[in-house]
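Residue numbering for the sequence shown follows the working numbering, beginning at 23 and increasing consecutively. Don't be surprised by glycine CBs; every beta carbon is placed ideally from N, CA and C. Here's the structure, in structure tokens; my notes come after.
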Amino acid sequence: MALFPSIRTLFSRDITGSVVVLGSVGGDINVDSLPFAKLTLDWHPLRKDQPELSWLDWRTRIAEFRGRERENADLLAWAETEVEGSPVLARFVTGPGGVGKTRLAAEVAQTLRDKGWNAGFADLRKPSRFRTGLAGMLVIVDYPEERPGGVRDLLEDLARIETRHRVRLLFLSRRGWSVWEREIAGVPGAINFFAAGQTELEPLAAPDAYRVFRSAREALAKEKKADLGEVTETAFGEWLRRADIHRHPLFVAAAAVHGVLYPDVPVVKLSGREVLQALAQRELSRLEDEATAAGLEPEALRHLVAFAAIRGDLDGGDLRALAGRTDLALMLPPTEDIVAKVERSGRLRDGVFPEPKPDILAAYLVVEVFRHDSKLAPERLWAAIKGGVGEALPRAGRLAYDAEMVLGLLDHRISGWLERMVEGKPERWPPIAPAIRDASLTQGLVPLATVVWGGQLTDAKSDEERADLLNNLSVHLGETGDVAGALAASTMAVQVFRRLAAANPARFEPDLAMSLNNLSNRLGETGDVAGALAASTEAVEIRRRLAAANPARFEPDLATSLNNLSDDLSATGDVAGALAASTEAVEVQRRLAVANPARFDPDLASILNNLSNHLSATGDVAGALAAITEAVEIRRRLAAANPARFEPDLATSLHNLSNRLSETGNVAGALAAITEAVEVSRRLAAANPARFEPDLASILNNLSIRLGATGDVAGALAAITEAVEIRRRLAAANPARFESDLAASLGAMGSHLRANGQAAKARAAFEEGVRIVQFHAERYPDGPAARLLAALRRDLESLDAGDG
């Protein structure tokens, strides 16, 4: 049964507007028996007796609505504009957690309500009747990604609706429009609902952020009757510049709350993470006090909050079921007593225990509660997820991202608990598999996905199913940093798809090309340059033929394969061939991006990034700088809207921008770009070292060069020493992939040691680099390893001659 389904117009002449049935209908129903429901917009007045965490809920409106005036006006115009022949329109508002999507949508809904619309949030998990209102109806759907396939079902029903009244659907999602566009591509006519464009939210501008901070602080101080000192705009501006997330409305409001609760602690001296963690700890203490006062064990309400964060609101049945799970050690009262005792605590709202908000703070609560008995954490997670996998698992993945990437909680990881939740539990794999098929799976669910895909291989019922599982497994193993495992899975996937394509080329050649493309990446990661080139060349040949017959479907794939081919040609020393392939890839991708930027801009940025490298290799410095500047502009915009997906790409492009700026002689600009790249990459590597430490080492290597160019020898040595330490560890585990990188870092270290007057240590570094890279240079005499070997030998000759 789908979670969004049927939309039906029952009466088009009702004096109050059309009547629409929304929700999970399923089969024939007596629509007259369905209750009329209201679209909710539950503003909560600010009260000092509320749990302090609730002050950060959008419903309290503790801060002025600032910095979103343009988006607000745009959404109102979209909603109110009559489109002939199209009474139904839909739109996405996207952006990272805490950026203010829900508050914006609610303000739009309130304005429309004031004009006679029926507007607000809908619970689409059960069928209900809604009146459109004479002016129209705005339905807000939060986190549609938690309802797999639900958006497609909803849009299919929307295509059949008949009404004269305006119906608007506003989806609020962390995923970018490019992901959703692929999701709905198969629904006939659905793209027409989104013709007006989408809304991507970015962090607040500094002046707006300060006004939000001031207004929230003043409202709370008035309610708490607190006398607060002044936080100047200059001091707050410095705090905002310390991290992009500080300009998210959630972090701005949290800073105001913290300042009121802890007036003796200068909030501008703390990081945003520290502010949120302090507030969450305060909430946990409050939960213990409330539980004790209600006759519960001190830990009882804490456990319920953690379960509600994953499962959503807990009703009486949910509470009784958890009380019966004595094996989970939740410290809850007997089944027959739990509802009354929880109600006595004051935590029930309309008969349910509500999920904690905002989401980022909920992530902290889950980690803090479950870490005290981490052995039980996987089973507690399954108890929360089981029975509602489609919604609860994506929510758990989102919490894992917020905990590990936003808050930096790495000692106890939700992602690790989720992985252990499915290890050795084959009965859990079938209900989980549909929820993890998404190509843009959140990082918190990747370890779990590798267990599920690998486990299901033994029970695959056909070659096609086996090949799909292998391909999924390869992609996700690669994301965890398991290079060898990813290569093995990718190799087997190609073997199976090749057999299928031989028997049925029309159906399976596209899959074969896709698997060859993935195999090329995996082989390149292991240092098998020739194998990678052979795979990418075959992929291009297939996709060029497919694109000639059906450009609309296959040109995007062709551009991707040409981009891969350019890298593989470059790795073998074919600079001209690499530039030709990259140039063709950009031409194709730019044409696609002009027609559909939301979908193709990410790919265009990737290909521009590579083109910059290839132009630089041919000596076209100006062209290389122009290409990478455009790539950074695109990726900065994408990362602001969706950091989980695009921050790694932004770090890569900033790294390349630093190189290009250096080639033009812009020393300060090159240092600024690489410094920002290190900040992003270090955060990513802390959360996922297997995946991101190679990138961090590369960027640190570049940072050392940039610092050396400014005369900061000590800083340069510190950066290159860290890079060598990382790359030495990586090369020990995977020599084919990382030895050349280690040799490059040893060469850079030798240069910095020589500049610092440490000739003996410089010689040792150069000589070790030569020993390491010599084998790779002999194997590929025209490749990068050979050029690196020549450079290291020149460094040794220069040292012998006494230069520098």
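query, result
"Chain C within 9 Å of Arg190, Cβ atoms only", "Of the chains in the structure shown, none is chain C; there is only one protein chain."
"Three-state secondary structure (DSSP) of Ile84", "coil"
"Rounded C-alpha distance that separates Asp734 from Asp623", "38 Å"
"Glu744 CB to nearest heavy atom of the ligand HEM below 8 Å", "What this structure holds is no ligand at all, so the ligand HEM is not there to describe."
"Selection from Leu306, Phe258 and Asp381 that minimises the alpha carbon distance to Ala231", "Phe258"
"Asn572, buried or exposed, once every other Cβ within 10 Å from all chains shown has been counted against 16", "exposed"
"Extent of the continuous beta strand (DSSP E) run through Ala153", "Per the sequence shown, residue 153 should be read as Arg rather than Ala. Where Arg153 is concerned, the enclosing beta strand (DSSP E) stretches over Ser150 to Arg153."
"Status (buried if at least 16 other CB within 10 Å, exposed otherwise) for Gln303", "exposed"
"Same chain, Cβ closer than 8 Å to Leu223, five either side skipped, listed in chain order", "Arg90, Glu93, Val115, Thr116, Gly117, Val121, Gly122, Lys123, Leu126 and Ala663"
"Assigned exposure category for Ala823 - 16 Cβ within 10 Å defines buried", "exposed"
"Residue from Leu415, Asp817 and Arg69 with nearest C-alpha to Leu440", "Leu415"
"Inter-stretch contact at 8 Å, needing at least 3 Cβ pairs: the segment 676 to 689 / the segment 475 to 484", "no"
"Secondary structure of Thr116, DSSP reduced to three states", "strand"
"Arg190 in three-state terms, based on DSSP", "strand"
"Close-in-space but distant-in-sequence residues of the same chain around Arg751 (CB under 6 Å, 5 per side omitted)", "none"
"Cβ-based burial, Trp65 [other Cβ within 10 Å; buried from 16]", "exposed"
"Distance between beta carbons of Ser628 and Asp671, contact taken as under 8 Å", "7 Å"
"The alpha helix (DSSP H) enclosing Ile213, as first and last residue numbers", "Looking at the DSSP string, Ile213 is not in any alpha helix (DSSP H), and its letter there is neither H nor E."
"Straight-line Cα distance separating Phe788 from Ala384", "51 Å"
"Three-state class that DSSP yields for Ser484 in the structure shown", "coil"
"Through-space distance from Leu818 to Ile436, alpha-carbon basis", "49 Å"
"Cβ contact check for the segment 284 to 291 and the segment 347 to 357: 3 or more pairs under 8 Å", "no"
"Anticipated Cβ contact below 8 Å, Leu492 with Ala511, distance rounded", "5 Å"
"Own chain, CB closer than 6 Å to Arg366, minus 5 neighbours either side, in chain order", "Ala316"
"Backbone CA spacing between Arg371 and Thr103 [nearest angstrom]", "37 Å"
"Short Cβ contact (9 Å threshold) for Gly297 with Ala276", "For the record, residue 297 in the displayed sequence is Val; it is not Gly. Cβ distance < 9 Å, so Val297 and Ala276 count as in contact."
"Segments of 4+ residues assigned as alpha helix (DSSP H) that fall wholly inside the segment 623 to 705", "643 to 663 and 665 to 685"
"Supposed contact pair Val497 and Asn540 - C-beta distance, whole angstroms, cut 8 Å", "7 Å"
"Sub-9 Å separation of Ala770 and Asn710 beta-carbons", "no"
"Counterpart residues of Met159 in DSSP-defined beta bridges", "Asn140 and Val189"
"Identified DSSP bridge partners for Phe375", "Leu336"
"Which residues DSSP lists as bridging Thr62, in chain order", "Phe143"
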